[in-house]
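Okay, structure first, notes after.
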Ligand code: NAD
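Residue numbers (my numbering): 190 to 478.
Okay, structure coming up:
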């Protein structure tokens, strides 16, 4: 298959390479020369513009920073430029409303499109072990699944257009709130004189068990290897958690759904990131407690 890949940053760089490894011809574009150099070294064909990248392709995959950029790239350079038979897949994390609007614009021009945001960070993007949450028709999902499988370990159909983004921000709002709850609990346990490994052994088998604790423990030396064991470097940056929480707040407001825990998580991550910790792994928020 010939696939255009737009956005070769921290995530997209590794994802594009996994499409090459799966045997696809990848025509790649990014505004940054550093990003395109790396992709070229890894077997992608670099083209000078997004418009040129999408000419004659079977599919277009994008991994871009935000909804504004996604909308401008699709409406300006993809829709009407790629063949109408090309499947469009946006893997960026963006707001639900923009995802639906771009999906509608694509459909109006005769394209099938999916929103397919990911769970998993840079390591998972490089290793091809991302989880994709896909919004789009059954037919579009059936076409998207084999392409996404080359970049991930799980591909799940969440529902109609926009449902992938909705699932992603709901999941990450729960993750943000559960991480803070896990951090404050371990700090309290410590101050109550509990041995933290012993508390982990108890809570991981009791009703407090959750992913933030048993897969990504924010306490160094406790639980499996995690960014806490690497001075909170690598992993999922607090700035990206804040981005997702802001998207969740926007969606909650639009849906009229109260999210008091999500709101508090957004406030705490905002304070944390604005204090110069945007690049720190999100579990590093334990240091503020
Ligand atoms: P990044 O900033 O490293 O990469 C984005 C790339 O897009 C950059 O290389 C940039 O030059 C390029 N770009 C920007 N505007 C462009 C345009 N108009 N045309 C072509 N290229 C353009 O970001 P990232 O960490 O790779 O994240 C990408 C997306 O993935 C975001 O939506 C993010 O929320 C989501 N995400 C990131 C992570 C993570 O851990 N980094 C995890 C899950 C989801």
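Yeah, the Cβ is synthetic: ideal placement off N, Cα and C, and Gly gets one too. The structure presented is a predicted model; accordingly, all values stated were derived computationally and were not measured.
- For the segment 380-446, the full-length alpha helix (DSSP H) segments reaching 4 residues or more read 385-392, 400-403, 427-444 along the chain.
- Here the C-alpha atom of residue 462 lies approximately 43 Å from the C-alpha atom of residue 274.
- The C-alpha of residue 426 is placed about 16 Å away from the C-alpha of residue 358.
- For residue 407 and residue 385, the gap between their C-alpha atoms comes out near 11 Å.
- In the structure shown, the three-state DSSP call for residue 327 is helix.
- Residue ranges of uninterrupted beta strand (DSSP E) with 3 or more members, entirely inside the segment 208-234 and ordered along the chain, are 214-218.
- Taking 7 Å as the cut-off, the Cβ atoms of residue 194 and residue 211 do not count as close.
- DSSP places residue 319 in the strand class (E or B) of the three-state scheme.
- Shown here, residue 378 sits in a helix according to DSSP, grouped into three states.
- If you look at residue 301, you'll find it in the beta strand (DSSP E) that goes 301-304.
- Where residue 454 is concerned, the enclosing alpha helix (DSSP H) starts and stops at 449-461.
- Per the Cβ contact rule, the segment 314-332 is in contact with the segment 346-362 (3 or more Cβ pairs under 8 Å).
- In this structure, the C-beta of residue 425 approaches the ligand NAD to less than 6 Å from one of its heavy atoms.
- With fewer than 16 neighbouring CB atoms inside 10 Å of its own CB, residue 464 falls in the exposed class.
- Excluding the 5 residues flanking it on each side, residue 268 has same chain C-beta neighbours closer than 7 Å at 294, 295, 298, 300, in chain order.
- The alpha carbon of residue 337 has as its nearest neighbour, out of 459, 239, 255, 279, the alpha carbon of 279.
- Per DSSP, residue 295 is one residue of the alpha helix (DSSP H) stretching across 285-297.
- Residue 303 sits close to residue 333, with the two beta carbons spaced by under 7 Å.
- Short of 6 Å from the beta carbon of residue 191, and not among the five residues preceding or following it, lie these beta carbons of its own chain, in chain order: 214, 246, 247.
- Per DSSP, residue 350 lies in no alpha helix (DSSP H) and is assigned neither H nor E.
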